[in-house]
Amino acid sequence: MPKKIRVLIVDDSAVVRQTMAEILSSDPQIEVMSTAGDPYIAAERIRDEIPDVITLDVEMPRMDGITFLHKIMSQHPIPVVMCSSLTDQGSETALKALEYGAVEIIQKPRMGTKAFLEESRLRICDAVKAASQARLRKISHLPSRTVAPKLTADVIMEKPKTHAMMQTTEKVVVVGASTGGTEALKVFLESLPADCPGIVIVQHMPEGFTRAFSQRLDGLCRITVKEAADNDTVVRGRALIAPGNHHLLLKRSGARYYVEVKDGPLVSRHRPSVDVLFRSAARYAGKNAVGVIMTGMGDDGAHGMKEMKEAGALNIAQDEATCIVFGMPNEAIKLGGVDYVRPLESISREVLKLCS
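Take 1 as the starting number for the sequence shown in UniProt numbering and just add one per residue.
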């Protein structure tokens with residue numbers, strides 16, 4: 001039997017600790033090592049046994065999650081998944097945690113419909129699995145009784161029988177990322193000039209966090225970065241980021257590219273899904289598109305990227321050495337959808353060359 005991923009749950013709420021323990025224990029690949037009500041108790045647990053992954057609350061008494069995260073990452077790095085409430089302040093703090101070395105953000109589980117709770121379980125378990133595979137840097141399967149079908153982009157958009165209209169002078173760049181992607185996107189977008197081609201991005205992130213993420217990037221980059229809204233036009237010098245918990249599609253009307261924000265089931269276990277964005281790019285942009293797939297666990301985006309290549313697009317994958325998790329790029333490479341494999345720092349330069 002493969003070794004289980006041992007998880008330490010740190011949260012000041014007994015209800016959240018119990019709920020998280022039940023969710024994680026439902027996955028046969030995960031074992032809850034222990035729980036802790038605050039970082040001081042967590043430190044004692046870690047002295048006894050080092051977990052594979054820690055889920056960490058953002059706001060706690062005695063010591064906040066960010067301070068504890070910094071101590072972990074500067075002394076003995078352990079993959080950390082931040083568990084945050086859906087608040088503006090919580091979103092900002094959780095994003096800061098990603099800069100300090102956390103691997104993923106998840107929303108605290110809350111009551112809802114059966115379908116909502118099942119989606120939450122999938123996302124939380126997948127986040128822990130992704131974290132367990134992450135490469136860390138120091139700074140100063142589901143139970144058989146509840147296996148959910150892994151849906152493809154077919155549930156949102158049929159695979160095109162014909163491809164996009166004739167080539168235009170305007171290129172559009174579509175980007176997909178997951179685990180480690182928040183920092184990878186920051187590196188990529190910060191290096192782009194103010195007049196770069198229009199960009200559409202899917203970053204796997206919970207609802208409510210993408211607005212704060214977009215605003216933070218907008219303050220750092222020469223280009224404009226915003227959370228996408230339905231019918232936003234894709235224009236030079238602007239990046240549109242899919243809002244959490246919604247799919248994002250690229251559309252075209254005449255010479256104008258725009259985006260559609262759409263509800264729907266999880267695709268490749270995600271909403272937003274990179275496969276959905278890439279399929280729409282294959283249909284509506286074809287050879288006018290450049291695709292980029294970055295760090296992340298799983299295979300979301302691999303099939304869509306292959307469809308893009310078949311439609312005439314040119315595609316780039318982030319290389320293994322610079323990925324936090326070399327899952328999504330590797331799957332796209334293996335399917336034959338990738339034209340160029342580049343280190344993170346070279347991707348923006350390659351994109352501009354292909355768009356020139």
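Beta carbons: idealized from backbone N, C-alpha and C, even for Gly. The model shown is predicted, which means the values in this text are computed figures rather than measured ones.
Spatial distance of residue i from residue j (CA atoms)
i, j, result
"Arg17", "Val10", "7 Å"
"Gly286", "Ser25", "44 Å"
"Ala42", "Met63", "11 Å"
"Thr224", "Ala239", "6 Å"
"Thr67", "Gln75", "12 Å"
"Arg349", "Asp319", "15 Å"
"Ile105", "Ala134", "14 Å"
"Arg45", "Ile72", "13 Å"
"Arg110", "Leu56", "16 Å"
"Ser85", "Leu117", "16 Å"
"Asn231", "Val261", "8 Å"
"Gly219", "Gly208", "18 Å"
"Ser356", "Val234", "17 Å"
Distance CB(residue i)-CB(residue j) smaller than 9 Å
i, j, result
"Glu99", "Ala212", "no"
"Ala302", "Lys334", "yes"
"Val172", "Asn288", "yes"
"Leu277", "His246", "no"
"Ala97", "Val128", "no"
"Pro79", "Ile50", "no"
"Val290", "Val174", "yes"
First through last residue of the alpha helix (DSSP H) which encompasses residue i
i, result
"Asp275", "274–284"
"His246", "His246 -> no alpha helix (DSSP H), and no H or E assigned at all."
"Glu170", "Taken as a continuous stretch (DSSP letters only), Glu170 belongs to no alpha helix (DSSP H), as it is neither H nor E."
"Ala317", "Where Ala317 is concerned, there is no enclosing alpha helix (DSSP H), although the beta strand (DSSP E) it sits in stretches over 314–318."
Own chain partners of residue i with C-beta closer than 7 Å, once the 5 adjacent residues on each side are dropped
i, result
"Leu189", "Leu217, Cys221, Ile223, Val225, Ala239"
Residues near residue i in its chain [Cβ-Cβ closer than 8 Å; skip 5 each side]
i, result
"Ala21", "Ile9, Val32, Thr35"
Span of the beta strand (DSSP E) around residue i
i, result
"Arg238", "238–241"
"Tyr258", "256–262"
"Ile54", "53–57"
Exposure label - residue i; buried when at least 16 CB within 10 Å
i, result
"Ala321", "exposed"
"residue 367", "There is no way to answer for residue 367, as the model of the chain reaches only from 1 to 356."
"Lys353", "exposed"
"Ile347", "buried"
"Ile316", "buried"
"Pro343", "exposed"
"Ala229", "exposed"
Same chain, Cβ closer than 6 Å to residue i, five either side skipped, listed in chain order
i, result
"Lys138", "Interpretation of Lys138 is limited by its pLDDT of 48, a score under 50 that renders its predicted location unreliable; no figure is taken from the coordinates."
"Ile324", "Ala134, Arg135, Thr179, Gly180, Thr295"
"Gly176", "Val202, Val274, Ile293, Gly301"
9 Å Cβ cutoff, residue i in contact with chain C
i, result
"Ala321", "Among the chains in the structure shown there is no chain C, since it carries only a single protein chain."
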